[in-house]
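**Student:** This is the structure I want to talk about, given as structure tokens.
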Amino acid sequence: MNSVFERYGKAKEEHNHLNSALEIKFWQQEAEILRQKLQTLQETHRQLMGQKLCGLTVKELQYLENQLEMSLRGIRTKKEEILTSEIQELNHKGNLIHQENLELCKKVKLIHQENIELYKKLYGTSNRTEASGSSFFPNSFNTSEDSNELIHLQLSHPESQSHQALATATATHLGLQLH
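Per the numbering used here, residue 8 is the first one in the sequence shown, and the count goes up by one each step.
Here is the structure:
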């Protein structure tokens, strides 16, 4: 019985030794294949970069040229997609800003109208042309129907008591307190 175990142990060792030798040979062949692929890829990369072209035939050069043209088309297409997307995003943001600007112009016109009404109530003016013009408020501005017109605001100190009363009335109407 012991001899059977000894023969089994020797056979197993020989089999393991044979398997490890085959495995080593397999991995050596695999490493060689990968080295060749790496060398081919490096050579192709150099050729795509315009280096080491002296040994190529006209057909190989035409193939290389076609590969480069296809790559350029893909790059240009991707670039165009990105730029188109960015332009659309900027146009959207521009439209939002324009809408906000229109809303702010409406608010400015509304406040201007409220100021005219307050002035009328405060001083009892019934002359519409005087009340609607900028001469009515020395430090005010006119808004036109053109929503693209720039509006320049300027702050100044009230020059007389009537302007102080107008500022207080306007602030009270807007729910503000002046200190």
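Built from N, CA and C at the ideal position, the CB exists for glycine as well.
Could you have a look at ASN23 and say whether DSSP puts it in helix, strand or coil?
**Tutor:** Within the sequence shown, the letter at position 16 stands for residue 23. Note: ASN23 maps to helix in three-state DSSP.
**Student:** At which residue ranges does the region 23 to 54 contain complete beta strand (DSSP E) runs of 3 or more residues, listed in the order of the chain?
**Tutor:** Runs of the beta strand (DSSP E) inside the region 23 to 54: none found.
**Student:** Could you tell me whether the Cβ atoms of LEU60 and GLN69 are closer together than 8 Å?
**Tutor:** Position 53 of the sequence shown, counted from the first residue, corresponds to residue 60. Position 62 of the sequence shown, counted from the first residue, corresponds to residue 69. No, Cβ-Cβ distance for LEU60 and GLN69 is not below 8 Å.
**Student:** If we count the other Cβ atoms within 10 Å of its Cβ and call it buried at 16 or more, is ILE123 buried or exposed?
**Tutor:** For the purposes of this step, residue 123 is taken as residue 116 along the sequence shown, with counting starting at 1. Its Cβ being crowded by 16 or more others within 10 Å, ILE123 is buried.
**Student:** How many angstroms separate the CA atom of ARG135 from the CA atom of LYS128?
**Tutor:** Taking the sequence shown and counting its residues from 1, one reaches residue 135 at position 128. Taking the sequence shown and counting its residues from 1, one reaches residue 128 at position 121. Only weak support is given to the placement of ARG135: the predicted model assigns it a pLDDT of 48, under 50, and the question is left unresolved by the model.
**Student:** I'd like the list of long-range same chain contacts for GLU107, defined as Cβ closer than 6 Å, with 5 residues on each side in sequence excluded.
**Tutor:** Here residue 107 refers to the residue found at position 100 when the sequence shown is read from its first residue. Within the same chain, GLU107 has no close Cβ partners at all.
**Student:** Can you tell me whether DSSP reads LYS59 as helix, strand or coil?
**Tutor:** Here residue 59 refers to the residue found at position 52 when the sequence shown is read from its first residue. Reduced to three states, the DSSP call for LYS59 is coil.
**Student:** Assign MET77 to one of three DSSP states: helix, strand, or coil.
**Tutor:** In the sequence shown, residue 77 corresponds to position 70, counting from 1. MET77: helix per DSSP, three-state reduction.
**Student:** For THR64, does the three-state DSSP call read helix, strand or coil?
**Tutor:** On the sequence shown, position 57 is the one that residue 64 refers to. DSSP places THR64 in coil when its eight states are reduced to three.
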